[in-house]
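Q: In the working numbering, the protein residues as written are 87 to 184.
1. So, with DSSP's three-state summary, where would you put residue 155?
2. What's the gap between the Cα of residue 87 and the Cα of residue 124?
3. DSSP three-state call for residue 164: helix, strand or coil?
4. Going by the DSSP bridge assignment, what does residue 177 pair with across the sheet?
5. From what residue to what residue does the beta strand (DSSP E) around residue 142 run?
6. Taking 8 Å as the cut-off, does the region 141–148 touch the region 157–167 (at least 3 CB pairs, one atom from each stretch)?
7. Tell me whether residue 184 sits in a helix, a strand or coil according to DSSP, three-state version.
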């Protein structure tokens with residue numbers, strides 16, 4: 087028996103797993119890595135909308151700015167990094183510049 091065929095000491099990581107589900111050449115004493123699967127998703131088509139309005143206050147330096155954004159305007163389902171994204175989302179706010 088050569089060095090690569092020598093039995094390894096340690097826990098049996100394959101206990102209870104059917105032989106057909108083990109990776110080819112898997113050792114019962116070393117954990118196997120999981121194979122990755124490629125997934126195909128439909129192409130991304132989404133629309134975002136943003137708007138803002140600045141209201142001057144007295145001199146040129148002071149102003150109040152209102153803004154709003156809507157992401158995924160048409161509420162399309164799409165995936166980023168394999169995870170489903172939330173539907174339509176929005177945010178709004180105001181800033182004061184002085």
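All C-beta atoms, glycine included, are put in the ideal place defined by N, C-alpha and C.
A: Taking the structure as given:
1. strand
2. With a pLDDT of 47 at residue 87, under the threshold of 50, the modelled position of this residue cannot be trusted; read the value that follows with caution. Each residue's Cα considered, the two are about 38 Å apart.
3. coil
4. 155
5. 135–142
6. no
7. coil
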